[in-house]
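A.B. asks: Structure below; questions to follow.
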Amino acid sequence: MTGLLRVTKVRVAYGDVCVLDGIDLDIARGEFVALIGPNGAGKTTLLHAIAGIAPLRGGNIDIDGHDLASAPHAAKQAIGLAIDPPNLPALLTGRECLALFAGARGLPAIPPATLALGETLSLTSVLDRRIASYSLGMRQKLGIMLGLLGEPPLLLLDEPFNGLDPRSALAFKSHLAAILTRGGTSVLLATHALDIAERHATRAVLLMDGRVRRAWSAGELAAMRESPERSLERAMAEACGRDRDENLSGPAVDVPL
Amino acid sequence: MLGAGRVPQSASMTALWHPAIRADWLVLRRTGPTAWARVLGPPVLLLAGCVALACGDLYAGYGWCLAAGALLALGGSYGIAHQRLLDALERWRFGWCGALPTARGAAVCTSLLLAAAALMTSLAFVAALLFGVSIFALHRGDWFYALAGIDLALVAGTAVVAIRVFRRGALARVHHVDGIREPLLALPWLNDPRLPHLLDWQRRAALVRWRRGGSFAMVGIVLAAVPIGAPMLEVSALVLLVLAWSWLAVVMRASADAFTSSVRLLAAVPWNVRAARMAALRYPLVATSCALVFMVIGTALLRHGMVALVWIVCAGVASAWPLARLVRATRLADPRA
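Taken in sequence, the protein lines are chains A and B.
Reading the first sequence from the start, the letters are residues 220 to 476 in the working numbering.
Reading the second sequence from the start, the letters are residues 46 to 382 in the working numbering.
Below is the structure:
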């Protein structure tokens, strides 16, 4: 598998608070990487840094062979960030919002694949209503459609299953699986839903206090799925506990990926 | 954190102050000079405009400028108070503090106190400004009449808002004033295909803001306050200028806000910055052209060069700040920025 994303020694700080402290992460084409960790670990900030929204204090982000700092336009062509529901424009309809994103991406119209995804997620019937009238689940679906619009090779998803009804969540998981099976598309998913990470991801990465603390390979995740005594939840709890013990005794050491 | 430890529990708050007011105050203090400029800019501009109009009588003895200044004060104070009180009440009723067990009448009391404080400050500011500009005026003896006219108009404008906002059921209707209708004259070619619907977003944001400012009620009040015997041609010109100016200011601010939001929304998308700039400026430019037509007609009807000049300067100042924000937002849209 060829490399799609390379994050090297990335540092992000908000004021005096260092949120990401020297993150290294590589994602190959076709990989489904789950980013897990406790609240405030820096998962959303890492996604925002890769999307070019959070300014870097140090390090490099290379997307599809383009450096995000020196060639942001080319680098951003390769990513699709699912929009956070509260950030959607209340005054536009869902269809107008999709058209706005399509125009910004240089597409002449909303791609049929995006409209088909809307049909899969049962959002088509409300696409001509103003977003102000949408429920949280409807906004979440629209945010996902905006992220996937134009089929970018790297999807950045931040808790995309929040607010989705079980049927839509299942449909979206199937859609993701189909995309990954076709190849060429990678997914970086920040989530607290460890069952999704364990069952669907090809790799899980634990982020804590702005640093990568542990990573589980596809083989380890497969072993967890097969053994009833083992689970990602338990492995994460152990890693977090060990990390706390290490913090008490000395400085933390990064786990090489 | 907004000093949460220092904000007391709502149960201990008196009915005089809404608990959210402390958080609002902290946000204002911590946002810095920009927030203060946004809060103080419009009323200072309005009061300065009223005094500038009154100078037409104090210096040139036109004989009707005092009434014009009072009319502007009436419409302006109504618009500003209407928008700000509705915003505050909506934030307190439906925002993060909406579920707090606040004391009965706290929101109304707080709004009334804030409106009263703002009114008193405005009255003092107008008095000082008028006194200052009338020292060397030919008809400086008239400064008291100008002060009385503007002060009465400010009190009346604020009082009308207080009555309207605190009417029974006003709070429940706050959310429904945001209803959007399609334009009477659809101009689809105005939308930039490279950033479709940004213009619709700006237009709708302007409409919402216009309605919150009192919309056509403001015009009605201005017209109702026209003194008997005033030359109708000049009063019509003034109303035209008031409308064109306030509408342009609303459009510029709404366009800047909508575009700033769109920059945040599309931050992760590789959009064309040049196209974004052109698309963001389309609606404000069209609106400016329309407003200029009305302003030219208004100034032509007014037939007083100095007053026309004051209006053009006021319109320029009112549009300059949001225009600067719009241009700044287009710079921020550049991923290299």
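Note that CB positions come from ideal geometry on N, CA and C, so glycine has one too.
No experiment lies behind these values; they were computed from the predicted model shown.
(1) Within 10 Å of its beta-carbon, does W435(A) have 16 or more other beta-carbons around it, so buried, or fewer, so exposed?
(2) Measuring alpha carbon to alpha carbon, tell me which of V338(B), P64(B), S291(B) ends up nearest P87(B).
(3) Let me see if you follow: with CB-CB separation under 8 Å, is N306(A) close to chain B or not?
(4) So is I208(B) buried or exposed if we call it buried at 16+ other beta carbons inside 10 Å?
(5) Entirely within the stretch 251–317 of chain A and at least 4 residues each: give me those alpha helix (DSSP H) ranges in chain order.
(6) Leaving aside the five residues before and after A335(A) along the sequence, list all residues of the same chain whose C-beta is less than 6 Å from its C-beta, in chain order.
(7) Along the chain, which unbroken stretches of the beta strand (DSSP E) at least 3 residues long are found entirely within the stretch 369–426 of chain A?
(8) Beta carbon of L223(A), beta carbon of L373(A): below 8 Å?
(9) Please confirm if H242(B) has its CB atom under 8 Å from at least one CB of chain A.
(10) Hey, is A49(B)'s beta-carbon within less than 8 Å of any beta-carbon in chain A?
(11) Using a Cβ cut-off of 8 Å, pull out every chain B residue sitting near R324(A), in sequence order please.
(12) Does chain A have any CB closer than 8 Å to the CB of A369(B)?
(13) Where does V358(B) land, buried or exposed, given buried means 16+ other C-beta within 10 angstroms?
(14) Would you decide whether N306(A) is buried or exposed? Buried here means 16 or more other CB atoms lie within 10 Å of its CB.
(15) With a threshold of 8 Å between beta-carbons, can A250(B) be considered close to chain A, or not?
(16) Cβ closer than 8 Å: which chain B residues qualify as neighbours of Q359(A)?
(17) Please confirm whether G259(A) and V229(A) have their CB atoms less than 8 Å apart.
(18) Does any C-beta atom of chain E lie closer than 8 Å to the C-beta of L311(B)?
(19) DSSP three-state call for Y233(A): helix, strand or coil?
(20) Does the CB of K262(A) have a neighbour CB from chain B at under 8 Å?
(21) If you reduce the DSSP assignment to three classes, tell me which class G469(A) lands in.
(22) In its own chain, which residues sit with a C-beta less than 6 Å from the C-beta of I195(B), not counting the 5 before and 5 after it?
(23) Any idea if R376(B) is buried or exposed, counting beta-carbon neighbours within 10 angstroms, 16 or more meaning buried?
(24) Where G403(A) and T421(A) are concerned, what is the direct C-alpha to C-alpha distance, given to the nearest angstrom?
(25) Establish whether the CB of S306(B) and some CB of chain A are separated by less than 8 Å.
(26) Exposed or buried, what is P257(A) when buried is set at 16 or more other beta-carbons lying within 10 Å of its beta-carbon?
(27) Taking just the CA atoms, how far does L310(B) sit from R433(A)?
(28) In angstroms, rounded to a whole number, what distance separates the CA positions of G325(A) and A80(B)?
(29) Excluding the 5 residues preceding and the 5 following I398(A) in the sequence, name in chain order all residues of the same chain whose CB lies nearer than 6 Å to its CB.
(30) First and last residue of the beta strand (DSSP E) that includes W435(A)?
(31) For P238(B), return the contacting residues in chain A, with the cut-off set at a CB-CB distance below 9 Å.
(32) Locate the alpha helix (DSSP H) running through V331(A), then write down its first and last residues.
(33) For a contact defined as C-beta to C-beta under 7 Å, what are the partners of W81(B) on chain A?
(34) Check R129(B) in the structure and name its three-state DSSP category.
C.D. replies: Walking through what the data contain:
(1) Under a 10 Å Cβ-count criterion, W435(A) is classified as buried, with 16 or more other Cβ atoms of the shown protein chains found around its own Cβ.
(2) Comparing alpha-carbon positions, the option among V338(B), P64(B), S291(B) lying closest to P87(B) turns out to be S291(B).
(3) Residue-level contact check: N306(A) touches chain B, since one or more beta carbons of chain B fall below 8 Å from its beta carbon.
(4) Under a 10 Å Cβ-count criterion, I208(B) is classified as exposed, with fewer than 16 other Cβ atoms of the shown protein chains found around its own Cβ.
(5) You should have 262–269, 291–296.
(6) Cβ within range, chain order: n/a, list empty.
(7) When DSSP assignments are scanned along the stretch 369–426 of chain A, the uninterrupted stretches of beta strand (DSSP E) that are 3 or more residues long and fall wholly within it turn out to be 373–377, 405–409.
(8) Taking 8 Å as the cut-off, the beta carbon of L223(A) is found closer than this to the beta carbon of L373(A).
(9) So yes, H242(B) belongs to the interface.
(10) For A49(B), the pLDDT reaches just 45, beneath the cut-off of 50, and the residue's location in the model is therefore unreliable, although a value from the coordinates is still provided. Answer no: the Cβ-Cβ gap between A49(B) and chain A never drops below 8 Å.
(11) Close partners of R324(A) in chain B (Cβ separation under 8 Å): V314, P315, W316.
(12) Interface residue (Cβ-Cβ distance to chain A less than 8 Å): A369(B) is not classified as such.
(13) By the neighbour-count definition (other C-beta atoms within 10 Å, threshold 16), V358(B) is an exposed residue.
(14) With fewer than 16 other Cβ atoms within 10 Å, it is exposed.
(15) Yes, contact with chain A.
(16) Going along chain B, no residue has its Cβ under 8 Å from Q359(A), so there is no contact; the nearest lies around 15 Å.
(17) Contact: no.
(18) The chain labelled as chain E is not found among the protein chains of the depicted structure, namely A and B.
(19) Three-state result, Y233(A): strand.
(20) It does not; no Cβ of chain B falls within 8 Å.
(21) At G469(A) the pLDDT is 47, less than 50, meaning the model places this residue with poor confidence; the figure from the coordinates comes in the next sentence. Three-state result, G469(A): coil.
(22) So the list reads C95, G114, A115, A118, V171, once near-sequence residues are dropped.
(23) Classified as exposed, R376(B) has fewer than 16 neighbouring CB atoms from the shown chains inside 10 Å of its CB.
(24) Taking the straight line from one Cα to the other gives about 14 Å.
(25) Closer than 8 Å: yes.
(26) Exposed: under 16 other Cβ atoms inside 10 Å.
(27) Roughly 32 Å between the two C-alpha positions.
(28) A80(B) has its alpha-carbon roughly 36 Å from the corresponding atom of G325(A).
(29) Correct list, in chain order: T404.
(30) That run of the beta strand (DSSP E) goes 430–435.
(31) G322, P327, listed in chain order.
(32) The displayed chain sequence assigns Pro, not Val, to residue 331(A). Looking at the DSSP string, the run of the alpha helix (DSSP H) that includes P331(A) is 331–339.
(33) Result: empty, since nearest Cβ-Cβ is about 21 Å, beyond 7 Å.
(34) R129(B): helix per DSSP, three-state reduction.
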